[in-house]
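J.:
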Amino acid sequence: MATSPSVAENPPPYITADQNEADEVVQPVILVLTGLCICAETSGMTRLYELSQDIRQPSHGESKVSLSRVAWNVRTNADGTPRLTQRNRHIFDLKHLPSLLLKGFPYSLDPVSRSAAGKLGLKTLPFPRSGFKMVRLEPENGEGLPKGYKAMRRSDREAGTVFEIRKKRGHYEWIGPDGCRLAVEDDVADERKLIITAPTSRATADAMVASWSLRIWHNSIESNPENSTTCEPSSLTAAASLQIPTALLVPTSGVIHDVEFAQTSTDDTSGQPTAEEAAALPCYENVFARGEAMNPRPSQAGSTEPQLRHPMIQMGSHIQRRSCQ
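Quick note: to get our numbering, add 42 to the position in the sequence shown (first position is 1).
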C-alpha cells in the first residue's frame, strides 16, 4: 500500500471519505494518459487509473489489458495528522481478439468489479457518420434465430448504446444515452486527454475511462496493417484468405451437395460459382453456426448425390445462408 506524505501537498480529487462508492459523483476533470497511468491534470498529475501495459503500442494476437482505479483515502496517524493511502481496484479488462478467433466483438470491456457498468463492446458508427459507439453486451440466447441454428458459446448480442464517440472537427465528443455531451477528447503534441465536462456517477466515469482507453488501444492496433480487424461483430466473415474445404454446406432439404468455395475475399471472384451454377444451388444453412459435429451419411444405393466427406469443424460464420430467389 502506497502512502502520500500529506493531504495539503498532493490533494487528489474524488476523496471518498466513508461514502458509498455507488453514490459517488465524479466532478468535471481533465484526465491525461501518461505511460501506464491516467492522471488528473488539475491536481498535480495525481494518478487516478493505472493500466497493465502501454495501450499506445500495438499488440499482436489475443491480448488483454487490465485497468485499475486508484482509490485515495484519508487516514489519521497516531499523532492526529492526516495522511493519504492508495489502493488499486481492478475494474475492467480491455480485450482484443484476432480475426480468426472472433465470435462477437473484436474489442470489448469485461467488468471485474461489481460496481462496473457491465460488459461493453466497441463498434464503428454507420456511414456517413464518423466515430464509434460503446454498446452494452448480453449473452446471446439464440432467440429469433432460424430453425436449425443455435448461438455459439460465448457469443454476445448488442443490448443498447452506452456512449457515442462522435468525431467532430478533428476531435471526439462523448455523448450519453440522453444526447448530452459528457466529455471531449483533446490530443495535442501526442498527449492524449479526456476532458470530462459534466458531473457523472462513478460507474459512468469508470466506463468512460475504460472505453476511452479501449478506443486508443484500438487505434494503435489498427494502425498496424498486420493486425487490422473491424469493430463490427460480423467481421468474422472478413477473416483472411481461408481455404474452405469441399462439402461443408448442408442445404435445408438435407441433401448434401459437393460445392467448393476456394476463397472468401469479396475482391477476388475466382473460385466462385458462375451465375448458372449459383442459380442451380439450393438455399444453404450455416452449419458452422450450429457448433455441432456433422457425421458422414452412408451412401444410398444408386444415389448420384455426393456425400459429406469431412466431419464438421466448429469455426465461425464463414459461410452465410443464401437467400432463395
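Beta carbons: idealized from backbone N, C-alpha and C, even for Gly.
Keep in mind it's a predicted model, so treat the numbers as computed, not measured.
#1: If you run the structure through DSSP and keep just helix, strand and coil, what is A249?
#2: Taking the beta strand (DSSP E) that L90 belongs to, which residues open and close that run?
#3: When you compare the stretch 234–242 with the stretch 151–163, are there three or more beta-carbon pairs, one atom per stretch, that lie closer than 8 Å?
#4: Looking only at DSSP bridge pairs, what is V112 linked to?
#5: Express the C-alpha separation of R111 and P47 in angstroms, rounding to a whole number.
#6: So what does S150 bridge to, in DSSP terms?
#7: Tell me where the beta strand (DSSP E) around C79 begins and ends.
#8: Given that a residue counts as buried once 16 or more other Cβ atoms are within 10 Å of its Cβ, and exposed if not, what is K161?
#9: Less than 6 Å between C-beta atoms, sequence neighbours within five positions excluded: which residues of the same chain meet that for Q285?
#10: Applying the criterion that 16 or more other CB atoms from any shown protein chain within 10 Å of the CB defines a buried residue, is T88 buried or exposed?
#11: Which whole-angstrom value is the C-beta distance of I80 and I258, which I expect to be below 8 Å?
#12: Apart from the five residues just before and just after S265, which ones in its own chain have a Cβ nearer than 8 Å to its Cβ?
#13: Using three-state DSSP, classify D228 as helix, strand or coil.
#14: Less than 9 Å separating the beta-carbons of A159 and R178?
#15: Between the Cα of G77 and the Cα atoms of S105, L93, T84, E83, which residue gives the shortest distance?
T.: In short:
#1: Correct three-state label for A249: helix.
#2: 88–93
#3: no
#4: N130
#5: A caution first: P47 carries a pLDDT of 43, below 50, which makes its placement in the model unreliable, though a value can still be read off. One C-alpha to the other measures close to 20 Å.
#6: K137, G163
#7: 79–82
#8: buried
#9: Low local confidence applies: a pLDDT of 37 at Q285 is under 50, so the model's placement there is unreliable, with the coordinate-based value given in what follows. Hits under 6 Å: none found.
#10: buried
#11: Not really, about 10 Å apart at Cβ, beyond 8 Å.
#12: P100
#13: strand
#14: yes
#15: L93
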